[in-house]
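There are 2 protein chains.
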Amino acid sequence: MIGTLLAGPVRVVNLGLASFARDLAAHGTAVAQVDWSPPAGGKHELLLALAVLEKDAVEKANQAALQKILAAEPMLADVRRAGELIPELDGARLMLHAGPPIEWGRMCGPLKGAVCGAIVFEGWAPDLAAAEKLAARGGVQFAPNHHFGAVGPMTGITTRSMPLLVVENRAFGNRAMCALNEGLGKVMRFGGNDAEVLARLAWLRDDFGPLLGAALRPAPVPLNPLIARGLAMGDEMHQRNVACSSLLMRILAPAMARVGSPSLPRALEFMGGNDQFFLNIAMAMGKSILDPARGIAASTIVTAMSRNGTDFGIRVAGMGDAWFTAPVEMPQGLYFPGYSAADANPDIGDSAILEAVGLGAFAMAAAPAVAGFVGAGGFAEALGYTRAMSEIAAGRNPKWGIPALEFAGTSAGIDVRRVVETGIAPAINTGIAHRLPGVGQVGAGIARAPLACFEQALTALAQHAR
Amino acid sequence: MIGTLLAGPVRVVNLGLASFARDLAAHGTAVAQVDWSPPAGGKHELLLALAVLEKDAVEKANQAALQKILAAEPMLADVRRAGELIPELDGARLMLHAGPPIEWGRMCGPLKGAVCGAIVFEGWAPDLAAAEKLAARGGVQFAPNHHFGAVGPMTGITTRSMPLLVVENRAFGNRAMCALNEGLGKVMRFGGNDAEVLARLAWLRDDFGPLLGAALRPAPVPLNPLIARGLAMGDEMHQRNVACSSLLMRILAPAMARVGSPSLPRALEFMGGNDQFFLNIAMAMGKSILDPARGIAASTIVTAMSRNGTDFGIRVAGMGDAWFTAPVEMPQGLYFPGYSAADANPDIGDSAILEAVGLGAFAMAAAPAVAGFVGAGGFAEALGYTRAMSEIAAGRNPKWGIPALEFAGTSAGIDVRRVVETGIAPAINTGIAHRLPGVGQVGAGIARAPLACFEQALTALAQHAR
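Read top to bottom, the protein sequences are chains A and B. Every number in this note's numbering is 267 more than the matching position in the first sequence, counting from 1. Every number in this note's numbering is 267 more than the matching position in the second sequence, counting from 1.
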């Protein structure tokens, strides 16, 4: 750059808005354009809020939140019926979904598709058409998974009879739950709802779930070391869980064989055939790690990021259980043969809890193969994502090292202040669902969390802090 | 470097032998030392041999060998009793071992320990003392695994009743075999021979081997894609097989459950508890890939590297089944607590077949964790090993990409000419055995193949080519 400045006939150096440079160039003036943007996009209100929040009390609160995140000891401990774990599910026609709260009328296509499938699965309506009518006339209550200690990928539907994975955070005694991963193809999390989808859910409920629960209860699986090994083996635990799924199989297969079941061969085949089996475990782990930081007054650290396919919502430690929402964005990515961006539903799922805990796109440098899968390039680009995301992180997790960064720890905690100040929106590695009910996955890509969520949260935190 | 030359009071620039520079410096002369060594160490006879072998016929032969290596389709197909696969083992008191041929008197400690253990295991003597006497008086015949289509890690003992893994190369119809990996701790491959070692071997023979064979025969496992996935997950398949062992478990556990056996829980636990389970499969695969290149006239590509703990031996495509041997070197590495280099046995095992096929130290860039485990540094050093080894390789294998090199293929084929010309000795990632019989593994490190083996092979190839 300096070389160019010395050598060329430069008369004007323009910082920031490129349009000035273009105007000058159009009038024949030599211009050197330097990329620059003002902090917080130069917005006066946000700069004031940032100034209010640059104080010791916030730093201390964030350190307290960070220490809780880093002290977590998540264990995969059990699989049980959802109604047993969340009694409210047995008390009413209650259905949990991904993302912040949303009513039926504003739900996107795949979420409506999954809702209707789950209504039929629970026997609340005889078929999909009747299910849609039931939902439309208010015959089912809806609430976010996050309101009941749970998470779910994509549509994230949780109903009473589904088996849920239980991750216990032994350091703080809290737990988080997530439904079992259904595999690829037509599945409810991508809006699938036909007979094949419901038959698989019934098998998970009647055979696989109880077998896995019985295998886990005598010997819970510590997850910190599993994640550390997975990062050294190319997983980022969002779009790639090959290593953790495989390592877990080595632990669970003997335990399941000791329990014994006529379903054992099918159960091992189901688990062994699914590279993403671990995803749902990683998600429950993410929530179990971040939940203890909820409600730490003055902390600007993000405790959840989540999408329902219509709205993107975040929660911040210092603001308890409040949601800060904005319209969800479209992922940029690669599509399966026969599909294109025109088929895509906007970003959806509770799985952004993984980025909130420093995995997924934040740990892309550990998983260069994912960069290719989501259309983001190769090894160099994967390093770039991880470096960029570290600029908005509150700290590093020394337990989870990335080999290509000489085992430097993953990011830990997203600081709302850094997001607003830098304008770097958290990147999220995501699957892409078809926008219509009943179709399923059509691709994978990278979505961005809307800056508006973080700007709202920052403003609210500053009001609290004044 | 140029900067230093311009800035300093340099009067003499010395290339090569540092002693000249030291002498001059001692007399007060300013000297700039430039590292350089002449091709083939400047040895006249080797330079002549290299000149003889720099011709089209050799290039063509090497391309033919390389095409065979790259066309391989190795499948893990079976596990059977050694005597069934190698009838000679049932016909006499024959015992196969790692490395080139060696008689009892010249065997190292761990090899003698394993031989005695195997004699007891086969019931040829009642105890270790009697076994030693039997071996010393010539009561057992010894031959290399390589002479019977087999390989074995470390001591590499193969006897009639042991179960052998069978890898078939479907592209050429050949097969290669290897005993099952016994796990870590006291094991025969590191010279262990006590009751615990023999009891485990008996269980492998009576329970695990037959179960695994029955699971494999209906559904052989293609190994090319497994290696490709493993390289993307941090394995180099010599000192690190975590990914491939785990991925294989996902394939084999359901198949073993379908066969059914009262041993199933223990079998899954044994397999699931061993990060190196895949090592022996990778070795048989390596031999199955390289064997079709044996006997291609004029080719200077290495078809085997192997050590018996006393001698290092190589075989070269253009020289058929001849061994070129030299005294084996000492690995440089890290020792387990309580052990040091004084306890170490020199380099041993058939496992250097992995480096010959482009894995192990040649693929270290895929496995930065191994660089730490063998005491060779971190990610940067791992990249350095892979880059250095590519200088002596005949080509690249596009099926096996390394993520950190933007998925460039692993090395394929070691060219004896390049080794002699550059003086770059192949590096080998290796376990280190105690030098005494019956102790076991004491560390892990990197050994170098002796240049003398390659110089002998080069001279022989040149004599043939004249």
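Glycine is no exception: its CB is placed at the ideal position from the N, C-alpha and C atoms.
CA-to-CA, the gap between B:ARG467 and B:ALA482 works out to about 20 angstroms.
Residue contact with chain B for A:LEU531: present (Cβ-Cβ distance below 8 angstroms to some residue of chain B). Looking at the DSSP output, B:CYS445 bridges to B:VAL418 and B:LEU432. Listed along chain B is no residue with a C-beta nearer than 9 angstroms to that of A:GLY458; the closest approach is about 28 angstroms. B:TRP667 carries a strand assignment under DSSP once its states are collapsed to helix, strand and coil. One thing to note: B:ALA655 has its Cβ no nearer than 8 angstroms to the Cβ of B:PRO635. Residues of chain B with a Cβ closer than 7 angstroms to the Cβ of A:SER657 do not exist, since the nearest Cβ in that chain sits about 17 angstroms away. At a beta-carbon threshold of 8 angstroms, none of the residues of chain A lie near B:ILE336; the nearest stands roughly 25 angstroms away. Cα atoms of A:GLY350 and A:PHE409: separation of roughly 15 angstroms, rounded to the nearest angstrom.
Bounds of the alpha helix (DSSP H) holding A:GLN334 are 323 to 337.
B:GLY405 and B:ASN541 have their C-alpha atoms some 36 angstroms from each other. Here A:SER607 is exposed: its Cβ has fewer than 16 other Cβ atoms, across all protein chains shown, within 10 Å. As the crow flies, the alpha-carbon of B:LEU493 is around 7 angstroms from that of B:CYS511. Among the bridge pairs identified by DSSP, B:ILE713 is matched with B:GLN599 and B:ASN696. DSSP lists B:ILE615 as the beta-bridge partner residues of B:ASN575. Within the DSSP secondary-structure output, A:MET342 pairs in a beta bridge with A:GLU435 and A:PRO489. Between A:ILE353 and A:PHE439, the CB-CB gap reaches or exceeds 8 angstroms. A:ALA392 sits in coil when the DSSP states are folded into three classes, being neither helix nor strand. Of all residues in the segment 628 to 655 of chain A, those with a C-beta nearer than 7 angstroms to a C-beta of chain B are PRO635, ALA636, GLY645 and PHE646, reading in chain order.
Using a CB distance below 7 angstroms, the part of the segment 534 to 547 of chain A facing chain B consists of LEU535, GLU536 and GLY539, ordered along the chain.
For the segment 658 to 676 of chain B, the residues whose beta carbon sits under 9 angstroms from a beta carbon of chain A are, in order, PRO670, ALA671, LEU672, GLU673 and PHE674.
Proximity of A:MET374 to chain B, defined by a Cβ-Cβ separation below 8 angstroms, is not satisfied. What A:ILE518 touches in chain B, judged by beta-carbon distance under 7 angstroms, is GLY539, going in chain order. In its chain, beyond the 5 residues on either side, GLY459, ASP461, GLU463, VAL464 and GLY707 have a beta carbon closer than 7 angstroms to the beta carbon of A:LYS453. The beta carbons of B:ALA520 and A:GLY539 sit closer together than 8 angstroms.
Not flagged as an interface residue toward chain A: B:ARG574, since no C-beta distance is shorter than 8 angstroms. Within chain A, the residues whose beta carbon sits less than 7 angstroms from that of B:LEU514 are SER513, listed in sequence order. Contact between the segment 610 to 620 of chain B and the segment 375 to 385 of chain B is present, with at least three C-beta pairs closer than 8 angstroms. For B:ARG525, the nearest CB of chain A lies under 8 angstroms from its own CB, placing it at the interface with that chain.
Using a Cβ distance threshold of 8 angstroms, A:MET455 and A:GLY384 count as a contacting pair. At a Cβ-Cβ threshold of 8 angstroms, A:ALA328 and A:GLY585 count as neighbours.
Within a 10 Å sphere around the beta-carbon of B:GLU673 sit fewer than 16 other beta-carbons, which makes this residue exposed. Exposure of B:GLY390 is indicated by the presence of fewer than 16 other C-beta atoms within 10 angstroms of its C-beta. Contacts with chain A at 8 angstroms (Cβ-Cβ) do not include B:VAL488. Taking a C-beta distance under 8 angstroms as the contact criterion, B:TYR602 and B:GLY698 do not qualify as a contact pair. Residue pairing from DSSP places A:PHE409 in a beta bridge opposite A:MET362.
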